[in-house]
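Here the sequence shown stands for residues 9 to 204, where the numbers follow this note's numbering.
Beta carbons are placed, not taken as given, at the ideal position from N, Cα and C, and that holds for glycine.
Structure first, commentary second.
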Amino acid sequence: MELIEEFFKEFDRLWRPHPAKKIPLQIIGSTALMLQAGYERGTKDSDILETASIIGPVGKKLLSLAGKNSDLNKRYGIYLDIVGGGIPFFPLKPVFNALPVFGGLKNFEITALDITDVVVSKLKRFTSNDAADIRAVVEKGLVRHALLVSRFRAAVDAYSLDARAEDLPLYIRNLHTVERDFLEVVESEIELPGWM
9 MELIEEFFKE FDRLWRPHPA KKIPLQIIGS TALMLQAGYE RGTKDSDILE TASIIGPVGK
69 KLLSLAGKNS DLNKRYGIYL DIVGGGIPFF PLKPVFNALP VFGGLKNFEI TALDITDVVV
129 SKLKRFTSND AADIRAVVEK GLVRHALLVS RFRAAVDAYS LDARAEDLPL YIRNLHTVER
189 DFLEVVESEI ELPGWM
């Protein structure tokens, strides 16, 4: 976690010119877990959510300074990647938490996706790394079952409005795996859109 913190602090020091207002960066994925849960595992990228604040020239500058193959990437072994807002499996209004460790930054206001919402988002791909991340925060007692199911249902509602809804049965199976094998609770009944 210290390496990730140093990466972002160095990134802040290198940013020029200073913006009139801090640029918001919303961290998602495993980096969001590591920054909030005292959990560590090797990772090469730190995903940030694409927002109106970091599209166009700001996004290009961000990637040139801290993206793949940048000097920062070579020094720290980590790089920033911008993830399109429509890609993650999120509730319509994802929760982002302030990170006090970054309170002294001059150029960026860094927040991290709430642990429960990170778990929900990881049920989309549910790779072995995703499963390991979820298991780690469950074992730390940081995942409340009722809240997880509530946030999952909110994400299902957000996805059920478009073509992505056809993937929902897979995400439900992944949720059931987490409930059954990690949380050791009864699988929840999740209602799908009526047209499915």
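Less than 8 angstroms between the C-beta atoms of lysine 30 and asparagine 115, yes or no? By one-based count along the sequence shown, residue 30 stands at place 22. By one-based count along the sequence shown, residue 115 stands at place 107. Contact flag set, yes.
Under the DSSP definition of a beta bridge, which residues are partnered with glycine 80? For the purposes of this step, residue 80 is taken as residue 72 along the sequence shown, with counting starting at 1. The question names glycine, yet the displayed sequence has leucine at residue 80. Paired residue(s): none; leucine 80 is not in a bridge.
Cβ neighbour criterion (16 or more within 10 Å) applied to arginine 49: Along the sequence shown, read from residue 1 onward, the residue named residue 49 stands at position 41. Looking at its Cβ environment, which holds fewer than 16 other Cβ atoms inside 10 Å, arginine 49 is exposed.
Exposed unless 16 or more other CB atoms sit within 10 angstroms - verdict on arginine 159: For the purposes of this step, residue 159 is taken as the residue at position 151 of the sequence shown. When all chains shown are included, arginine 159 counts as buried.
Serine 54 - containing alpha helix (DSSP H), residue span: As a first step, residue 54 must be located in the sequence shown, where it is residue number 46. Unbroken run through serine 54 is the beta strand (DSSP E), 53-57; no alpha helix (DSSP H).
CB-CB under 6 angstroms to leucine 183, same chain, minus the five flanking residues each way: which ones, in chain order? For the purposes of this step, residue 183 is identified with residue 175 of the sequence shown, where counting begins at 1. Only Leu131 and Phe160 meet the Cβ criterion.
From Lys17, Asp189 and Arg143, pick the residue whose C-alpha is nearest to that of leucine 107; which is it? If you number the sequence shown from 1, residue 107 lands on position 99. Checked all of Lys17, Asp189 and Arg143; the closest Cα to leucine 107 is Lys17.
Should aspartate 189 go down as buried or exposed, given a rule of 16 or more other Cβ atoms within 10 Å for buried? Position 181 of the sequence shown, counted from the start, is the residue given in the question as residue 189. When all chains shown are included, aspartate 189 counts as exposed.
Grouping DSSP H, G and I as helix and E and B as strand, with all else coil, what is phenylalanine 190? By 1-based counting over the sequence shown, the position of residue 190 is 182. Correct three-state label for phenylalanine 190: helix.
Looking at the strands, I want to know which residues DSSP matches up with phenylalanine 116. Here residue 116 corresponds to residue number 108 of the sequence shown, with the count starting at 1. Ile31.
Check whether the Cβ atoms of serine 61 and proline 32 sit closer than 8 angstroms, and answer yes or no. Counting from one through the sequence shown, the residue named residue 61 turns up at place 53. Counting from one through the sequence shown, the residue named residue 32 turns up at place 24. Closer than 8 angstroms, so yes.
Rounded distance between the beta-carbons of glycine 67 and isoleucine 90, thought under 8 angstroms: What you label residue 90 is simply residue 82 of the sequence shown in a count that begins at 1. What you label residue 67 is simply residue 59 of the sequence shown in a count that begins at 1. With a beta-carbon spacing of about 6 angstroms, isoleucine 90 and glycine 67 fall inside the 8 angstroms limit used to define contacts.
Distance CB(glutamate 58)-CB(glycine 111) smaller than 8 angstroms: Counting from one through the sequence shown, the residue named residue 58 turns up at place 50. Counting from one through the sequence shown, the residue named residue 111 turns up at place 103. Not closer than 8 angstroms, so no.
Taking glutamate 10 as the reference, which of Met42, Ser38 and Leu156 has the closest Cα? Numbered from 1 along the sequence shown, position 2 holds the residue referred to as residue 10. The shortest C-alpha separation from glutamate 10 is found at Met42.
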